[in-house]
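J.:
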Amino acid sequence: MTDQTAAPAGDMSAEEAAGRALVARTTFEKEAVWLPSLAVQHWNAGQMAIDGKTFTDCVIEGPAVMAVMHGTGFESCAMGTTTDIRTLLYRPLSETKMAGLVGMSNCRFVRCRFVQIGFTGSDAVLEELLGGVKTLSELAADAGEPSA
Numbered sequence: 004m005t006d007q008t009a010a011p012a013g014d015m016s017a018e019e020a021a022g023r024a025l026v027a028r029t030t031f032e033k034e035a036v037w038l039p040s041l042a043v044q045h046w047n048a049g050q051m052a053i054d055g056k057t058f059t060d061c062v063i064e065g066p067a068v069m070a071v072m073h074g075t076g077f078e079s080c081a082m083g084t085t086t087d088i089r090t091l092l093y094r095p096l097s098e099t100k101m102a103g104l105v106g107m108s109n110c111r112f113v114r115c116r117f118v119q120i121g122f123t124g125s126d127a128v129l130e131e132l133l134g135g136v137k138t139l140s141e142l143a144a145d146a147g148e149p150s151a
C-alpha cells in the first residue's frame, strides 16, 4: 500500500486525496492528531519520517512510539499520564537503526498533550526529556488536581 506514483487528481480516491493533503500540511493547531495515521500517510507518500511540521495546542494520540530525531523540540508540552516520565521513554539497543517507530525530524510541538505515546531517541534526547518536560500527572499536581 505504498503508492508513490503521482496519479491525476481525477483518478485519486477521496481517501488518497485526504492523505496527500495531510502530508502536505506543515501546521496543525488546536486539533487531535492520531499519530499512527499521520505516519502511515507519510509512509504511503514515500516519506519514512514526518519532517518539518509544527503542532500547536494539539492532542497527539497513540498508541505509538515516537523517535525524536534531529531538530525536533517540545515547548510547554505534557508528555503523558504518569507519575514517572521514565515509563514513557525507551532506550534503543542499536546505535544505528530503529524499526517500528514514528520518526519525527525538524518538528516543533508547542503546548501539546501526548496520550499513549512513548518516546525514544539518542541518549542526549532521552536525558533532555527526563529533565525538561512534565507529565500530565505533574501538571495536574501543580494545579492542585488529583493525579491519574
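As numbered in my numbering, residues 4 to 151 make up the sequence shown, in order. Beta carbons are placed, not taken as given, at the ideal position from N, Cα and C, and that holds for glycine.
1. Taking its Cβ as the centre, do 16 or more other Cβ atoms sit within 10 Å of Met-69, making it buried, or is it exposed?
2. Using only CA atoms, which one of Thr-57, Ala-27, Val-113, Leu-133 lies nearest to Gly-121?
3. I want to know whether the segment 75-95 touches the segment 25-34 - three or more CB-CB distances under 8 angstroms.
4. If I'm right that Thr-123 touches Pro-95 with Cβ under 8 angstroms, what's the distance once you round it to whole angstroms?
5. Where Cys-110 and Ser-16 are concerned, what is the direct C-alpha to C-alpha distance, given to the nearest angstrom?
6. Round the Cβ separation of Met-72 and Met-107 to the nearest angstrom and send it over; I've been treating them as touching at under 8 angstroms.
7. Apply the 10 Å Cβ neighbour rule to Cys-49 and answer buried if 16 or more other Cβ atoms are within range, or exposed otherwise.
8. Run through the DSSP bridge pairs and tell me what Ser-108 is partnered with.
9. In angstroms with no decimal places, state the Cα-to-Cα distance between Val-128 and Phe-77.
10. Would you mind working out which of Ala-24, Gly-103, Asp-126 sits nearest Leu-92, comparing C-alpha positions?
T.: To lay it out plainly:
1. buried
2. A check of alpha carbon separations from Gly-121 across Thr-57, Ala-27, Val-113, Leu-133 identifies Leu-133 as the nearest.
3. no
4. 6 angstroms
5. 29 angstroms
6. Their Cβ separation, rounded to whole angstroms, is 6 angstroms, which keeps Met-72 and Met-107 in contact under 8 angstroms.
7. One detail in the question is off: residue 49 reads as Gly in this sequence, not Cys. Gly-49 is exposed by the Cβ-count criterion.
8. Asp-54
9. Rounded to whole angstroms, the gap between the alpha carbons of Val-128 and Phe-77 is 11 angstroms.
10. Asp-126
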